[in-house]
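First comes the structure, then the notes that go with it.
2 protein chains.
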Amino acid sequence: MDNRTNILECATELFCEKGYDAVGVQEIVDRAGTTKPTLYYYFKSKYGLLESIIEEYYGRFLERLETVSVYQGDLPNTLYTTCREYLKMAIENKTMYLFTVSLIYSARENDSYRAIRPYMVKTHEIIVKIFEQASNELENMNGRQQQFASGFEGIVNFYLIYYFEIGEPRIDIDEIGKNLVDQFMYGIYS
Amino acid sequence: MDNRTNILECATELFCEKGYDAVGVQEIVDRAGTTKPTLYYYFKSKYGLLESIIEEYYGRFLERLETVSVYQGDLPNTLYTTCREYLKMAIENKTMYLFTVSLIYSARENDSYRAIRPYMVKTHEIIVKIFEQASNELENMNGRQQQFASGFEGIVNFYLIYYFEIGEPRIDIDEIGKNLVDQFMYGIYS
DNA sequence: CACCTATTATACCAATCGGTATATAAGTAT
DNA sequence: ATACTTATATACCGATTGGTATAATAGGTG
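Going down the list, the sequences are from chains A and B. Under my numbering, the first residue of the first sequence carries the number 1233, and numbering increases by one thereafter. Under my numbering, the first residue of the second sequence carries the number 1233, and numbering increases by one thereafter.
Okay, here's the thing in structure tokens:
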């Protein structure tokens, strides 16, 4: 494995374990078996390293999300397909997923939050688009696309964290996805 | 205001803004207009200061939660009362609530998580107790009290973060509480 | 071979980190 | 008046922070 990838992976591990601020650059290069100038050669700063880590995971996630979230002429089905992919991606990269969640809830003036924000916004835009295209299906949708999108993202994240927490050995994406969309749609119509 | 309270409040502000690790002890005493030995006199370490901040808010929260969560012979009503108090407390202390959420999602090996964990556990125990006392109401409850408790806590936190995020100027506790419990109960029975 | 660019390490930087030894002032109890 | 406790500041500690100046070492290309 090349040095860049190695540093990236060791940093990811450490950030997930201890958090961005609690990990020193020296600690990262020690684990990677290299030295600081090498790290600063590939990533120009500690913050640049964080950005690269997020881009590595979240970039791929956004590509897939954009692909699967195309409107199918039916809201529950579109949500179901989107939800399945969301769950799948998170389960495949559990550690990174939990790390990004911790970043999302981190302090607003912290570098961690600054780094994750553009990806949060982009994710939100993709989900909002689903509800915009479903406007004809739901009466009184006016201006509530943002609200529904936040709600949907929130409930998916909540299910994920919940199932990771109780340590379900085998998570059935199809079943959870169905329950989740059902419960969400119930919330919308009530 | 005495020096101890002043340090406590300044530290709370800074931790909420930037996160525990990103704030230095010097920065805290500068804002409080005092010096480090004073801080170390009242709280024996930076970690002790964090513990005091959490205890200040979460201690009161747990007391109230324990009081209102007594079982009323009816699950939805008990949940509704508990939920109302949970929402009320969070809305009254919005900044501190959001700070504790950020701690809950912080890295497992970070001091922030170590400090919040006992309070998370205690909260969970209180909610579990509700579902244990409702065992006669729900068939097939065996061993799922923990699951329901996690689910309930999750959905309440999700609603709160969601409403704080969209910046609803006036949050109707009664209405949100009702919707929330309804949606949760629907999830249980389906 | 000579040249060039991409990598990597040694050794260092000022600044900040969490924390403390020591001194002092003010109040209080004997 | 003496002794003790509480509360605060000056000045310092070694260790670590993120980051870099410099130089050596590759590997490929003319």
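Glycine is no exception: its CB is placed at the ideal position from the N, C-alpha and C atoms.
Item: Local Cβ density within 10 Å of threonine 1237 of chain B, reported as buried at 16 or more and exposed below that; Value: exposed
Item: Nearest to lysine 1278 of chain B (by Cα), restricted to the options B:Glu1298, B:Glu1364 and B:Gly1251; Value: B:Gly1251
Item: Straight-line gap, tyrosine 1274 of chain A to tyrosine 1274 of chain B (C-alpha atoms, nearest Å); Value: 45 Å
Item: Assigned secondary structure, glycine 1291 of chain B (DSSP; H/G/I helix, E/B strand, else coil); Value: helix
Item: Integer Cβ distance of isoleucine 1348 of chain A from leucine 1335 of chain A, believed to fall under 8 Å; Value: 4 Å
Item: Coarse secondary structure for glutamate 1259 of chain B, derived from DSSP in three states; Value: helix
Item: Reduced DSSP secondary structure (H/G/I, E/B, other) of isoleucine 1398 of chain A; Value: coil
Item: Methionine 1417 of chain A (DSSP reduced to helix, strand or coil); Value: helix
Item: Reduced DSSP secondary structure (H/G/I, E/B, other) of lysine 1326 of chain B; Value: helix
Item: Nonlocal neighbours in the same chain, by C-beta distance under 8 Å from valine 1413 of chain B, ignoring five residues either side; Value: Pro1308, Leu1311, Tyr1312 and Cys1315
Item: Residue environment, asparagine 1368 of chain A, which counts as buried when at least 16 other CB atoms sit within 10 Å; Value: exposed
Item: Same chain, Cβ closer than 8 Å to phenylalanine 1416 of chain A, five either side skipped, listed in chain order; Value: Leu1311, Gly1383, Phe1384 and Ile1387
Item: Within 7 Å of chain B by C-beta, residues of the region 1239-1262 of chain A in sequence order; Value: Cys1248, Glu1249, Lys1250, Gly1251, Asp1253 and Ala1254
Item: Spatial neighbours of methionine 1352 of chain A in its chain, beta-carbon cut-off 8 Å, leaving aside the 5 residues before and after; Value: Ile1336
Item: Contact between the region 1394-1402 of chain A and the region 1389-1396 of chain B (3+ Cβ pairs under 8 Å); Value: no
Item: Presumed contact (8 Å Cβ cut-off) between methionine 1328 of chain A and arginine 1296 of chain A, rounded CB distance; Value: Actually they do not touch by this definition, with Cβ atoms about 14 Å apart.
Item: Proline 1276 of chain A (DSSP reduced to helix, strand or coil); Value: Residue identity check: residue 1276 of chain A is lysine in the sequence provided, not proline. Residue state, collapsed to three classes: coil.
Item: Residue-chain proximity (serine 1338 of chain A, chain B), Cβ-Cβ < 8 Å; Value: yes
Item: Where valine 1333 of chain A meets chain B, residues with beta-carbon distance less than 8 Å; Value: Tyr1337
Item: Cα-Cα separation, methionine 1233 of chain A to serine 1301 of chain A; Value: 35 Å
Item: Contact set for tyrosine 1290 of chain A: own chain, Cβ-Cβ below 6 Å, skip 5 residues either direction; Value: Tyr1351
Item: Start-to-end residues for the alpha helix (DSSP H) that takes in alanine 1366 of chain B; Value: From DSSP, alanine 1366 of chain B is part of no alpha helix (DSSP H); its letter is neither H nor E.
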